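The sequence shown begins at 2 in the working numbering and counts up by one.
Note that CB positions come from ideal geometry on N, CA and C, so glycine has one too.
Bear in mind the structure is a predicted one, so any value in this text is a computation, not a measurement.
To start, the structure itself, in structure tokens.
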Amino acid sequence: MSNYGVMVIGPGWVAGEHIKGYCKDPRTEIRAIVGMVPEDRARAEQYMKQFNFKADYYDCLDAALKRDDIQLVSVCTINFLHYEQTVACLQAGKHVMVEKPLCFTQQQNRHLRDLARQTGLQTQVGHVCRFYPAIVGLKNFIDAGHIGEVFYVEADYWHEIKGAWKGKKSTGGSALLMGGCHAVDLVRWMAGETNEIVEVSAMSAPARWRSDFEYDPTIVLTARFANGTIGKCATSLECNMPYVFHLQVNGSKGTIRNNGIYSETLFPGSRDFVKLSSTYPDDWNVGHHPFPEEITAFVDSIDRGAESMLSIPNTYKTYELIFAAEKSAETHEPIKLPL
Ligand SMILES: NC(=O)c1ccc[n+]([C@@H]2O[C@H](COP(=O)([O-])OP(=O)(O)OC[C@H]3O[C@@H](n4cnc5c(N)ncnc54)[C@H](O)[C@@H]3O)[C@@H](O)[C@H]2O)c1
């Protein structure tokens, strides 16, 4: 008998990876799938067949949330539904794993942080990049002091994104919410999350060659941390190139560049970056992303009764930075944080 009953909302593309994760974890059993559109029933059945489990199908979230044999929920619907569905799940007493982006506004961000704290339920936001073996290894090297004191961090999300709902403001949100949030999250993680961001400036540009974006698909932000470290994050959803997730962390004793590390203490005498051969976020396909590791981390947090590093209260600062950057791009003024 599994410890936890699971509900998955929105059986689309990414849900398949969450389902894979829960099916691999002996502590969890998927008992319900909730669809939002008529095609979801067939997709849910397809996943049950593919991963060999049986769950009840619902087309009404409120009805599914009444089940008391379900303790945790994965919100895998498209962006604009995350906020309201996460609120509904927390109010129904369920632990919540919500896909990125967490929400669309700073007001929603604050509300979710407060609600998560009030309920005491465990939460996690889908910043899956933190679970790539190469990223985990590089972060361990930083924490062990192998590049010394970090003074500059840069992460860029270059991904030509296509899809009807993705370029619309009402359903996709913005370039940072749609994809750049992965890079923003890593800038914060690599610089050290206890290191507060005190100021951000950003510029954005409207689409140059595609006509399906309702928001500026290209944006660049610079951020100043309280200890003087500076960060940069660029995102373009209309860049005409194969997918690239770029990372750079400069320290007093070495540097990280993508999946390579140059470190005087770790590899004395080395004249080049030493490349980690473990998986790095260099493929946009979700089948390549470490979702099972992400799901394990979420279930671990419930088991231990301890917040995930990506809990909603911990991820609040990533979204605060995003909303501040968007405000800066709009007003052409630097924005002081906290908001
Ligand atoms: N963590 C990651 O790396 C990663 C990767 C891909 C997607 N995502 C996120 O996962 C979420 C789902 O993405 P996806 O590619 O699986 O999406 P998808 O297009 O496959 O749709 C997912 C689900 O959303 C619901 N849906 C779609 N359009 C709807 C509409 N107009 N109204 C109501 N419901 C609708 C449906 O229930 C569908 O099953 C998105 O928020 C996306 O940003 C995250």
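So who's on the other strand from residue i, going by DSSP bridges?
i: N251; result: Y153, T256
i: G232; result: V154, A224
i: W159; result: S237, V245
i: D57; result: A33
i: T280; result: Answer is none; T280 lacks a bridge partner.
i: A203; result: L222
i: V275; result: I262
i: I336; result: V201
Alpha helix (DSSP H) containing residue i: first to last residue?
i: M191; result: 182-192
i: A165; result: First-last for A165: undefined, no H or E at that position.
i: M49; result: 41-52
i: S302; result: 292-305
i: G22; result: 16-25
Does the distance from the CB of residue i to the CB of residue j come in under 8 Å?
i: I136; j: L177; result: no
i: E197; j: A227; result: yes
i: Q303; j: H96; result: Checking the sequence shown, residue 303 turns out to be Ile, not Gln. Yes; because the gap between Cβ atoms is below 8 Å, this pair is in contact.
i: V35; j: L62; result: yes
i: L103; j: I313; result: yes
i: C240; j: L187; result: no
i: E100; j: V15; result: yes
i: A33; j: I71; result: yes
i: P335; j: V201; result: yes
i: V300; j: T29; result: yes
i: L311; j: V126; result: yes
i: L338; j: V199; result: yes
i: K21; j: F54; result: no
i: K233; j: E150; result: no
i: A117; j: T106; result: no
Over what stretch of residues does the beta strand (DSSP E) that includes residue i continue unbroken?
i: A325; result: From DSSP, A325 is part of no beta strand (DSSP E) but of the alpha helix (DSSP H) over 313-332.
i: G6; result: 5-10
- Within the region 62-137, note down every full beta strand (DSSP E) run reaching 3 residues or more, in order along the chain. 73-76, 96-99, 124-126
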